[in-house]
Structure formats: structure tokens, C-alpha cells
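**Student:** Residue numbers (this note's numbering), protein chains in the order written: chain A, 43 to 388; chain B, 2 to 373; chain C, 71 to 379.
Just so you know, even glycine gets a beta-carbon here, dropped at the ideal spot from N, CA and C.
Keep in mind the model is a prediction, meaning the values are calculated, not measured.
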Amino acid sequence: MIRAIAIPLFAIGLAMALFGLFVAAVGADPFAVYASIYRAAFGSMFSWENTLVRAAPLMLIALCTAIPAQMGLLVIGNEGAVMLGGLAAASAGLLLTGFAAPIGMLGMALAGIVAGGLFIAAVGALRHWRGVNETISSLLMAFLAFAVFDHLVQGPLRDPSTFNYPGTYPIDDAFRIGMIPGFEVHWGLVIGIVACVLAWLLIRYSTFGFALRICGNNLRVGQMAGLPIGRLVLISCGLGGGAAGLAGTIEVAAVLDRASSALHVGYGWSGILVSFIARHNPIAIIPAAIALGGIRASGGLLQRSHDLPDATVLVFEGIVFLVVLWSETLYGRGPIFRLRARHGNN
Amino acid sequence: MKNFSRISRRGLMRSTAAAAASLPLISRLAAAEDELVCGGIYVGAKDDYGYNQGQAVAVAKVAEIPNVRVIEEAMVPETAEVQKTMQSMIELDGAKVIFATSYGYYDPHVLEMAAKYPDVHFFHCGGWWEEGQPTNITAYWANVDHGQYINGILAGHQTQTGKLGFVPAVPIPVLLRAINSFTLGAQSVNPDITTQIIWTGDWNVPVKEAEAVNSLADQGCDVVSCDLDSPKVVVETAERRGIYSCGVYADQSALAPNGFLASAIGDWSVLFIESIEKMRAGEPLPNSVLGGFADGMVKMSEYGPAVSAEARAAADAARAGILDGSLEIYTGEIKDNNGNVVVPAGTTYSYDDPFLEQIDWLAEGVIGSPTI
Amino acid sequence: METTEALGWIGVPLAVLSGAIRVGTPFLYVSLGECITEKGGRINVGQEGILVMGAMVGFAVSYLSGSPWLGVLAAAGAGSLLGMMHALFCSARRVNDIAIGIALMLFGSGLAFFFGKPFLNPSAPQLPAIPFGWWSDSPQIRSALEINLLFIIGLGLVPLISWGFRYTRWGLMLRTVGDSRDAALSLGIPINRVRLVATMLGGALSGIGGAFLSLYYPGSWNEGLSSLQGLMAVVLVIFARWDPVRCLWAALLFGGAGALAPALQSVGVTTGYQLIAAAPYVLTLAIMIMTSSPRRGLVGAPGELVLNR
Numbered sequence: 043m044i045r046a047i048a049i050p051l052f053a054i055g056l057a058m059a060l061f062g063l064f065v066a067a068v069g070a071d072p073f074a075v076y077a078s079i080y081r082a083a084f085g086s087m088f089s090w091e092n093t094l095v096r097a098a099p100l101m102l103i104a105l106c107t108a109i110p111a112q113m114g115l116l117v118i119g120n121e122g123a124v125m126l127g128g129l130a131a132a133s134a135g136l137l138l139t140g141f142a143a144p145i146g147m148l149g150m151a152l153a154g155i156v157a158g159g160l161f162i163a164a165v166g167a168l169r170h171w172r173g174v175n176e177t178i179s180s181l182l183m184a185f186l187a188f189a190v191f192d193h194l195v196q197g198p199l200r201d202p203s204t205f206n207y208p209g210t211y212p213i214d215d216a217f218r219i220g221m222i223p224g225f226e227v228h229w230g231l232v233i234g235i236v237a238c239v240l241a242w243l244l245i246r247y248s249t250f251g252f253a254l255r256i257c258g259n260n261l262r263v264g265q266m267a268g269l270p271i272g273r274l275v276l277i278s279c280g281l282g283g284g285a286a287g288l289a290g291t292i293e294v295a296a297v298l299d300r301a302s303s304a305l306h307v308g309y310g311w312s313g314i315l316v317s318f319i320a321r322h323n324p325i326a327i328i329p330a331a332i333a334l335g336g337i338r339a340s341g342g343l344l345q346r347s348h349d350l351p352d353a354t355v356l357v358f359e360g361i362v363f364l365v366v367l368w369s370e371t372l373y374g375r376g377p378i379f380r381l382r383a384r385h386g387n388n
Numbered sequence: 002m003k004n005f006s007r008i009s010r011r012g013l014m015r016s017t018a019a020a021a022a023s024l025p026l027i028s029r030l031a032a033a034e035d036e037l038v039c040g041g042i043y044v045g046a047k048d049d050y051g052y053n054q055g056q057a058v059a060v061a062k063v064a065e066i067p068n069v070r071v072i073e074e075a076m077v078p079e080t081a082e083v084q085k086t087m088q089s090m091i092e093l094d095g096a097k098v099i100f101a102t103s104y105g106y107y108d109p110h111v112l113e114m115a116a117k118y119p120d121v122h123f124f125h126c127g128g129w130w131e132e133g134q135p136t137n138i139t140a141y142w143a144n145v146d147h148g149q150y151i152n153g154i155l156a157g158h159q160t161q162t163g164k165l166g167f168v169p170a171v172p173i174p175v176l177l178r179a180i181n182s183f184t185l186g187a188q189s190v191n192p193d194i195t196t197q198i199i200w201t202g203d204w205n206v207p208v209k210e211a212e213a214v215n216s217l218a219d220q221g222c223d224v225v226s227c228d229l230d231s232p233k234v235v236v237e238t239a240e241r242r243g244i245y246s247c248g249v250y251a252d253q254s255a256l257a258p259n260g261f262l263a264s265a266i267g268d269w270s271v272l273f274i275e276s277i278e279k280m281r282a283g284e285p286l287p288n289s290v291l292g293g294f295a296d297g298m299v300k301m302s303e304y305g306p307a308v309s310a311e312a313r314a315a316a317d318a319a320r321a322g323i324l325d326g327s328l329e330i331y332t333g334e335i336k337d338n339n340g341n342v343v344v345p346a347g348t349t350y351s352y353d354d355p356f357l358e359q360i361d362w363l364a365e366g367v368i369g370s371p372t373i
Numbered sequence: 071m072e073t074t075e076a077l078g079w080i081g082v083p084l085a086v087l088s089g090a091i092r093v094g095t096p097f098l099y100v101s102l103g104e105c106i107t108e109k110g111g112r113i114n115v116g117q118e119g120i121l122v123m124g125a126m127v128g129f130a131v132s133y134l135s136g137s138p139w140l141g142v143l144a145a146a147g148a149g150s151l152l153g154m155m156h157a158l159f160c161s162a163r164r165v166n167d168i169a170i171g172i173a174l175m176l177f178g179s180g181l182a183f184f185f186g187k188p189f190l191n192p193s194a195p196q197l198p199a200i201p202f203g204w205w206s207d208s209p210q211i212r213s214a215l216e217i218n219l220l221f222i223i224g225l226g227l228v229p230l231i232s233w234g235f236r237y238t239r240w241g242l243m244l245r246t247v248g249d250s251r252d253a254a255l256s257l258g259i260p261i262n263r264v265r266l267v268a269t270m271l272g273g274a275l276s277g278i279g280g281a282f283l284s285l286y287y288p289g290s291w292n293e294g295l296s297s298l299q300g301l302m303a304v305v306l307v308i309f310a311r312w313d314p315v316r317c318l319w320a321a322l323l324f325g326g327a328g329a330l331a332p333a334l335q336s337v338g339v340t341t342g343y344q345l346i347a348a349a350p351y352v353l354t355l356a357i358m359i360m361t362s363s364p365r366r367g368l369v370g371a372p373g374e375l376v377l378n379r
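(1) Is the beta carbon of residue 106 of chain B less than 8 Å from the beta carbon of residue 42 of chain B?
(2) Does residue 187 of chain C have its Cβ less than 8 Å from a Cβ in chain A?
(3) At a cut of 8 Å, does the region 311-325 of chain C reach the region 172-179 of chain C through at least three beta carbon pairs?
(4) For residue 138 of chain B, which option in B:180, B:156, B:128 has the closest C-alpha, if you only look at C-alpha atoms?
(5) Go through its chain and collect everything with a Cβ distance to residue 161 of chain C's Cβ below 8 Å, but skip five positions before and after it.
(6) Would you call residue 209 of chain C buried or exposed, if buried means 16 or more other Cβ atoms sit within 10 Å of its Cβ?
(7) In whole angstroms, what is the alpha-carbon distance linking residue 131 of chain A and residue 294 of chain B?
(8) Quick one, which residues of the region 353-366 of chain C are near chain B if we go by CB-CB under 8 Å, in chain order?
(9) Can you check the region 180-231 of chain C for any alpha helix (DSSP H) of at least 4 residues that lies completely inside it and give the ranges in chain order?
(10) Where does residue 249 of chain A land, buried or exposed, given buried means 16+ other C-beta within 10 angstroms?
(11) Quick one: using the 10 Å Cβ neighbour count with 16 as the cut-off for buried, is residue 204 of chain C buried or exposed?
(12) Thinking C-alpha only, which one of C:227, C:268, C:87 is nearest residue 245 of chain C?
(13) On the three-pair Cβ rule with 8 Å, is the region 272-287 of chain B touching the region 70-90 of chain B?
(14) Counting only beta-carbon atoms, is residue 196 of chain A nearer than 8 Å to chain C?
(15) How would you label residue 181 of chain B, buried or exposed, when you count the other beta carbons within 10 angstroms and need 16 or more for buried?
(16) Assign residue 92 of chain C to one of three DSSP states: helix, strand, or coil.
(17) Which first and last residues belong to the beta strand (DSSP E) in which residue 226 of chain B is found?
(18) Given a threshold of 16 other Cβ atoms within 10 Å of its Cβ, counted over all protein chains shown, does residue 150 of chain B qualify as buried or as exposed?
(19) From the DSSP output, in three-state form, read off residue 337 of chain B for me.
(20) Could you compute how far the alpha carbon of residue 85 of chain B sits from the alpha carbon of residue 101 of chain B?
(21) Between which two residues does the alpha helix (DSSP H) carrying residue 97 of chain B extend?
(22) For residue 195 of chain B, report the span of its alpha helix (DSSP H) as first-last.
(23) Please report how far the alpha carbon of residue 159 of chain B lies from the alpha carbon of residue 148 of chain A, in whole angstroms.
(24) DSSP three-state label for residue 306 of chain A, please.
(25) Going along chain C in order, which residues have a C-beta closer than 7 Å to the C-beta of residue 242 of chain B?
(26) Residue 202 of chain B versus chain A: which residues are under 8 Å apart at the beta carbon?
(27) What residue range is occupied by the uninterrupted beta strand (DSSP E) comprising residue 342 of chain B?
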């Protein structure tokens with residue numbers, strides 16, 4: 043337990059130190075930079091809002107990798123599920139124009155969840171019945187999803203008056219998700235946190251979750267115990283994809299009010315990494331997403347106060363991810379775990 | 002220049018601090034009024050040789066006004082992030098003016114922020130302000146398509162095959178209008194000229210842009226123009242293929258010493274500087290600004306060495322006609338490329354007519370589709 | 071400047087052919103590099119970041135030194151350094167190579183964008199092309215047959231790598247490491263060192279692929295230059311089923327598909343633009359479905375590859 047907190051903290055500290063060296067090497071004052079990062083990410087109420095608004099979509103998107111990962115599957119097609127989910131939600135919202143707000147919102151959410159869920163479940167189905175590797179097939183399917191999305195929003199579903207990135211017609215104002223009262227972050231944050239907690243409860247305390255974890259530890263044991271492997275694969279992939287589809291829905295309903303290429307900004311990749319930093323533990327996804335949101339939120343101030351280029355925040359992110367992912371190796375070390383590691387398969 | 006502004010900035014901060022120490026409230030307010038903080042937000046890189054560079058150059062000129070401090074962020078996507086960027090500039094840096102320079106920032110992002118911060122003025126490029134929207138917005142755009150019309154005239158004189166090419170990014174009204182104006186300009190030289198278009202599908206996809214130019218050249222197009230984030234790749238590829246090119250947003254002449262004809266440049270600094278002077282004088286600012294040749298918001302680059310004296314004269318004459326109002330590009334009869342009459346004979350749509358803001362057709366002679 | 075005849079529909083196969091070479095060359099380099107990496111049993115999704123880094127470094131060095139070939143060398147060097155990072159991180163126990171790859175994709179692109187800011191605007195000296203079309207009067211054919219030396223070198227690398235895999239001691243070691251860790255251990259092969267060399271070689275080749283983008287086609291440094299080509303090339307290796315010769319065909323196919331959409335637009339086929347460009351993915355997926363089976367891994371895949379679980 044101490045290890046689960048100490049190692050990530052150590053890794054983040056190391057990453058900060060490395061980033062400080064990098065910043066110093068290009069001529070900025072690392073301590074002033076740290077101060078700015080803190081000020082921009084967590085220094086005030088507004089900074090918290092800024093951080094949390096960026097963290098909100100990442101939580102749901104990370105679940106798309108984290109839930110199938112319980113079974114030992116590595117899904118990286120998150121971005122595709124987000125975009126298809128957003129597109130389905132926007133389409134549903136347009137079809138339901140005129141209906142009462144709850145019906146419209148529910149319809150949109152369902153459409154988004156089903157689209158994202160079916161998309162990733164298809165990856166799971168290919169894996170189970172055809173043995174197609176889910177990592178590569180989800181990546182390929184994501185490329186296909188981008189193409190279908192671009193085709194639809196630039197062609198048949200296009201609102202001819204959209205500026206810049208072509209998009210669908212806007213959804214009914216009544217279907218829009220608003221802000222949490224007194225706090226300028228939309229309800230997507232609450233939905234994200236609730237989803238992470240539910241996923242954690244499901245995996246930790248339900249028989250379904252128990253079955254998933256058995257298969258994840260050793261598929262043979264699962265088979266011998268007579269677990270319905272195929273159904274477990276489909277459901278875990280479907281839930282993961284549904285979460286990402288819901289993230290797309292929220293982006294449409296809370297931020298963009300239409301499906302447009304503005305959805306395509308790389309949230310999917312960040313979500314995968316958030317899931318890895320959280321070691322695929324849904325409850326740990328919450329702080330991991332907030333940490334990444336904080337890094338993102340600091341990007342602006344780094345440009346404005348330190349004359350650093352916009353890519354600085356990408357470098358920072360890259361260093362943090364590399365170091366935190368590498369720190370995974372520390373879990374097997376230290377006095378307590380040494381014995382077990384020696385008997386492990388290394 | 003950069004050093005100078007830094008020194009003065011620091012000096013200013015020192016005087017602000019001293020004043021704040023002596024007379025707490027009043028002088029702090031006065032000092033804050035003295036220094037105007039302006040935030041520039043760009044969707045891409047500031048040195049892209051195109052759209053964002055055009056905006057950044059203008060914002061840099063704003064920074065030269067005394068007592069104005071400019072803060073900038075580049076590569077800001079058109080998501081909730083741009084709202085937080087604006088908010089952060091306002092809340093953390095005290096920005097009173099925001100230049101939100103990408104089309105997609107407007108709805109809903111600028112609209113929401115403008116409603117939330119009524120004492121901050123928002124400049125947005127490419128959006129159309131409508132009655133009922135917050136009044137602390139100036140939506141600006143310039144008829145860069147006037148420049149594309151001039152490009153078209155130069156291209157029309159230059160072409161030997163009678164086939165021109167155009168590489169647009171995505172099918173939105175502003176771009177459809179640019180394609181039509183370019184084509185109508187060329188057809189004013191020779192009505193049989195056609196323009197082949199190839200959509201790239203995104204604002205910045207260099208490989209597709211280069212492929213598009215090569216395909217156009219293979220089809221016998223000998224002049225290409227474009228409208229995308231950066232014309233750099235289009236102009237350079239055209240030069241390598243030995244065909245002529247026209248640019249937009251910034252002056253790309255250095256990239257193609259032989260084949261470059263001209264570039265239609267939007268110069269936003271005129272508006273920015275004038276608006277800040279007005280703000281300081283306490284005068285109201287307009288909600289919509291549509292610039293053109295007359296107010297210097299659209300300029301033509303120097304014509305390239307390949308442009309003939311005849312073409313030069315025709316282009317200058319057209320420019321003069323647009324300036325004095327005797328030439329309106331969208332004067333009937335104009336058909337779309339399916340043969341339907343879109344501008345009947347005897348009808349003229351002036352450059353600021355809402356009809357032109359909603360264009361969803363391509364003029365006769367354009368080979369391609371207004372959707373992809 | 072001369073008058074050219076329109077090619078009409080004949081232009082489509084010509085554009086696809088020349089596009090296959092122009093657009094396909096970076097795919098060829100990245101896929102060959104990834105092929106070497108994956109033969110050693112590790113997958114490097116970070117090739118995308120390496121490609122972008124190679125493009126920036128190649129361009130910058132060419133601009134500063136005036137020599138594009140020096141740029142290519144520097145790009146290879148930068149690529150192998152990032153490859154080394156991947157290998158070192160992944161040789162730590164329990165570290166997931168795909169996750170490190172995605173992080174490297176962010177880190178490599180971020181670093182390239184960071185240091186590439188001053189090079190967005192200038193033009194750098196470009197790599198020369200060999201005019202194989204000198205015999206033709208048609209400018210289109212002359213242009214289509216202007217082939218860059220890097221493509222020809224890439225062509226040469228294909229049999230060289232194939233031969234290396236099959237007949238050299240090092241190739242045998244690499245394949246052993248990739249196919250079975252236990253066998254490699256029992257033979258006393260230094261697994262991590264072999265993988266380090268393979269990933270560095272892979273990174274160097276990807277770096278060269280990036281330099282081709284910025285120094286020849288489209289020939290300038292731009293933050294949107296790669297548009298995920300490095301990631302597609304990783305997929306392409308699976309399409310080619312870990313065979314360098316098939317990597318060549320696959321790279322040409324992916325390149326040709328990229329050229330097909332603009333070429334079709336130029337003759338009036340305007341709908342489904344985005345869908346046509348996605349054709350290679352459908353093909354790859356179909357091939358994966360056909361060659362996989364629930365009972366064994368992918369046909370031809372190195373046994374230690376995570377994809378093979």
C-alpha cells in the first residue's frame with residue numbers, strides 16, 4: 043500500500059527534476075517554471091477548474107483501456123471510440139430535436155455508449171473468435187473510424203455553415219450539459235468520477251469482476267473453472283468502449299454542441315497513458331487524469347510567462363509518462379518483494 | 002526589438018509596484034489602466050508561412066504600441082481548452098483584449114467567454130456577429146477573396162492550357178467563395194478557363210497538399226492557388242513542377258522565385274491598432290468588421306517576375322475597380338457548375354452581402370464538388 | 071515553362087505509381103526499421119515520434135550545414151538515440167513496450183516541435199532526385215520518374231535485410247531472441263543487448279524516413295508533416311507479416327493509396343475521398359483476420375512479440 047503511493051510520487055518527482063534540467067538547459071529558471079506550473083494547475087479556484095475540465099474526458103477514455111486490461115487485453119483504439127461515440131450522440135441529438143430534454147439527453151448518451159461499446163466489442167469479438175490481436179486491430183479500427191467520421195462530417199452530415207472544421211448541425215440547446223453550479227466545470231467531470239468508481243466497484247466486488255481478474259491472471263484457470271470467456275471479453279470491451287463513447291457524447295453535449303473534427307485532438311492517446319499510469323486501476327485513474335489535466339493546464343502559462351514554445355508541455359508530458367511507466371519496474375524490487383521476484387519468471 | 006520591449010516591460014512593473022506601495026487602491030487601478038494586456042490565441046504554429054503567421058504578425062505590431070503587453074498561446078485546439086486559455090489570460094494575466102484568431106473558436110467558445118467577461122473585448126477572425134450576441138465582440142474578416150480574384154486575373158493571363166488548379170482544405174463557405182472568386186477573376190480574362198480543385202480534407206496535411214499539386218500538374222493545370230493554413234508546400238511543390246503559383250495570407254514569394262505570381266494577404270494589424278486606439282479613447286467598437294483593399298486589410302504582395310505587363314495592368318485596373326466600387330465580383334449572371342443560375346442577370350451581391358457568407362456552390366468552370 | 075497535355079484518366083495510374091514511390095518511401099523506411107525491431111520480439115509504437123524527430127533534425131541540419139546528406143545522417147543518429155531510449159526503458163522488468171512506445175510518440179514529437187520552431191519558416195537544401203524520365207517528352211512522365219536516391223537505397227536495403235535475417239549470425243541471434251526467450255537464454259545470447267541494437271537500427275531507419283519527408287517530399291519542416299504515418303507503418307509491418315520484401319510491396323501499396331484519392335479528385339471522382347484513403351486499413355484488417363486463428367498467434371509473427379499472446 044505504501045509502495046502504491048510512494049513509487050508514483052517518486053516517479054513524478056524524478057520526472058519533475060528531469061524536466062527542470064531540460065528547462066534549465068534551454069535557458070529558463072526551473073524553479074520559476076515549477077512555480078508557474080503550480081499556479082496554473084492548482085494555485086487557485088480558477089486553476090483547479092482549468093485542470094479538472096481537461097481531466098474530465100480523460101477519465102472515461104482511460105476506462106476504455108483499463109477495463110479490458112483486467113482480462114489482459116490491451117486496447118489502444120480509444121480515439122476511434124470517442125469519435126464514433128460523439129458522432130452517434132450528435133446524430134441522436136439531431137433526430138430527437140423537439141423531444142423533452144431528458145429524453146434527448148438520454149438518447150444521446152445511449153447512442154454514444156452503444157456506438158463506442160459496439161466498436162470496441164467488435165475488437166474483442168475478433169480477438170476471441172478469430173484470435174486477431176486486439177492491440178493492432180483496435181488501432182486499425184481507429185484509423186477506419188477517423189475515415190468514416192471525416193467522410194460523414196465533411197459529406198452527408200455536414201452543416202454547410204460551419205466554420206473551420208466541418209461538423210454536423212448543432213444539437214438542440216435543451217440537450218446541452220451545463221456547468222456544475224458554482225464551479226465552472228461541466229457535469230462531465232462528475233460523470234467521469236462516478237464511472238471510475240463504478241468500474242472499480244464492479245471489478246473489485248462483483249463476481250463479474252472476479253471472473254475478469256481470474257482470466258487476466260491466467261486464462262487457462264478461467265477456462266478450467268468454466269468461465270464464459272467469450273462473454274467476458276465482449277462485455278469488458280463493450281464497457282470500455284461504452285465509456286469512451288460516453289466521453290465523446292459529453293464533449294459534444296457539454297463543449298462543442300456538434301460533432302466536428304475538433305473531437306480529434308488526441309484525447310485517446312492520453313487516455314491510454316492515463317490508464318497505464320493508474321496501473322489499470324479505475325480508482326487510480328482519477329488522480330492520474332487530474333495530474334495530466336494539471337500538466338495540460340500549465341501549458342499556457344509556460345508560453346506566456348517564460349517565453350517557452352507551446353511544445354514545452356508536450357515534452358513535459360512525454361518525460362512524465364516515460365518515467366512513470368518505467369517506474370513500474372520498481373514494484374518488483376525492494377526488500378519485501380525481493381524473494382518473490384527471484385522466483386518469478388525472470 | 003524584443004530586448005527593448007522586455008526592458009520596458011520590466012521598468013513598467015517596477016513603477017507599478019512602487020505606486021502600489023504608496024497609494025494602495027487608486028493608483029493600482031490607474032496603473033492597471035495604463036498597461037493594456039492583450040492575449041493572442043492561435044490554432045497552429047506562429048511561423049507557418051500562412052494563416053497563423055498573418056495573425057501573429059499583426060499581434061506583434063500591437064505589442065509595439067506603448068504600454069501594451071502582449072501574451073500569446075499557440076497550438077490551442079478548438080475545444081474546451083480554448084475557453085480555459087482565454088479565461089486564464091483574463092484571470093491570471095489581467096488581459097482586457099483577446100485576439101481569438103481561428104474560425105472555430107467563435108461558436109460556442111468566444112460567445113460564452115464574452116458573455117461571462119463583459120469588460121473584456123474579444124476579437125474573432127472569421128465569425129459573423131449576429132444581433133443578440135454579446136456586444137463586446139468584434140468579429141473581423143477581410144475580403145481575402147478580392148485578392149484571390151486578382152490572383153485569378155494574373156493566373157488567367159499566365160495560363161497557356163486554360164486550366165488552373167486550386168487546393169482548398171475543407172468545404173466551408175469562406176473557402177468556396179475564395180475558389181469562386183479566383184475562378185471568376187481568371188474568367189474575366191478568358192471565359193473558357195476552368196479551375197480544377199482538389200480538397201485535402203484538413204488544414205495542415207503537407208503530404209496530401211503536395212500530392213494534390215502533383216495531380217493538378219499531371220492534369221495540365223499550369224497555375225495553382227490554394228486556401229489552407231500554410232501555402233508553403235503548395236507553392237514549393239508547384240515551383241519544383243515548373244508551374245506557376247499564387248499564395249494567400251502571407252507573402253510566399255521567397256519560396257518560388259520563378260513561378261510565384263502574387264499572394265492575397267490579409268493585414269489584420271490595421272484593425273487591431275485602430276481598435277486599441279479607439280478603446281483607449283473610450284469610443285465604442287464595431288461588432289463586425291469586413292475589411293478590404295480600401296482600408297488596407299487586404300493587400301497584394303509584389304507581383305512575381307513572371308507576371309507580364311499586360312497582366313499587371315489588368316490586375317491593377319481590377320484592384321482600382323474594387324476600390325472605387327465599380328467592380329463587384331458577384332454580378333449576374335453567374336451559374337454554378339451544375340448549370341443552375343445562382344446569381345441572376347442584373348443582380349449584384351456586394352462584398353458584404355449575407356448571400357456570399359452562405360455560399361454552398363461552385364461557379365461554372367470549377368471542376369469539383371462543394372462537398373467531399 | 072512549357073505547355074503540358076492533360077492526361078485525363080491515364081493520369082490516375084501514373085499518379086498512383088509515382089505517388090507510391092514518393093509517398094511510400096517514408097513508409098518503407100519506418101516499416102523496415104520496425105520489422106527489424108519486431109523480429110527481436112519488441113514492438114515500438116514510438117516510431118511515429120522518431121519519424122517526426124528525424125524530419126526536424128534532418129531539416130535543421132541541412133539548413134544549418136547546407137548539406138542535405140548530413141541532415142539524413144543526423145536524422146538517423148537522432149532516430150537511433152530515441153530507439154535506444156525505447157530499448158533501455160523496455161529492458162527494465164515489467165515495463166510495457168506498447169505504453170513506452172505511445173509515451174515516446176508524445177515525447178519525440180514534443181521534442182521535435184520544441185526545437186523545430188526556428189526551422190518552420192526557412193527553406194533547407196533538398197535531396198537531389200535522379201531523372202529516370204530523361205527519355206520522355208512528357209513532363210508528367212519526367213516528373214513521375216524523378217526518383218530520390220533514398221528510395222533506391224531503401225530498395226537495396228530490402229534484400230540486404232532479408233539476407234541478414236536469414237544468413238548472418240546476428241540475424242539468427244535476433245530471430246532467436248524474438249522467437250523464444252528461453253532458447254536465447256539457454257544459448258547464452260545477450261537478449262537485451264541484441265534488442266537494443268535492433269531497436270536502435272529501427273530508430274535510425276525511421277529517422278531517415280523522417281528526413282525524406284522534410285528534405286524531399288513534401289520537402290519542408292512542418293508540425294503536421296507526418297500525420298501519423300509512423301504509426302501506420304507499424305500497422306504495415308503486420309500487413310507485411312514481418313518480411314522485408316513484403317514490407318516493400320506494402321509500403322508501395324500504402325503510398326499508392328495515399329496518392330489515389332487526390333488523383334481521383336483530379337478526374338472528377340469527388341465522393342468518398344476519406345474512405346478511399348482508408349482502403350489500406352480495411353485490407354490490413356482483412357489480412358489479419360484471415361491469417362489469425364484462435365489456436366495460434368499471427369502467422370509469421372516472432373514468438374516473443376506481445377501481439378502473439
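**Tutor:** In short, the structure shows the following:
(1) yes
(2) yes
(3) no
(4) B:128
(5) Closer than 8 Å at Cβ, skipping near neighbours: 262, 265, 266.
(6) The residue is buried, with at least 16 neighbouring Cβ atoms inside 10 Å.
(7) 44 Å
(8) Residues: none.
(9) 209-214
(10) exposed
(11) Under this definition residue 204 of chain C is an exposed residue.
(12) C:268
(13) no
(14) yes
(15) So residue 181 of chain B counts as buried.
(16) helix
(17) 224-228
(18) Buried, by the Cβ-count rule.
(19) Secondary structure of residue 337 of chain B (DSSP, three-state): strand.
(20) 12 Å
(21) Looking at the DSSP string, residue 97 of chain B is not in any alpha helix (DSSP H), and its letter there is neither H nor E.
(22) Taken as a continuous stretch (DSSP letters only), residue 195 of chain B belongs to no alpha helix (DSSP H), being part of the beta strand (DSSP E) at 195-198.
(23) 59 Å
(24) coil
(25) The answer, in chain order, is 213.
(26) 192, 196
(27) 342-344
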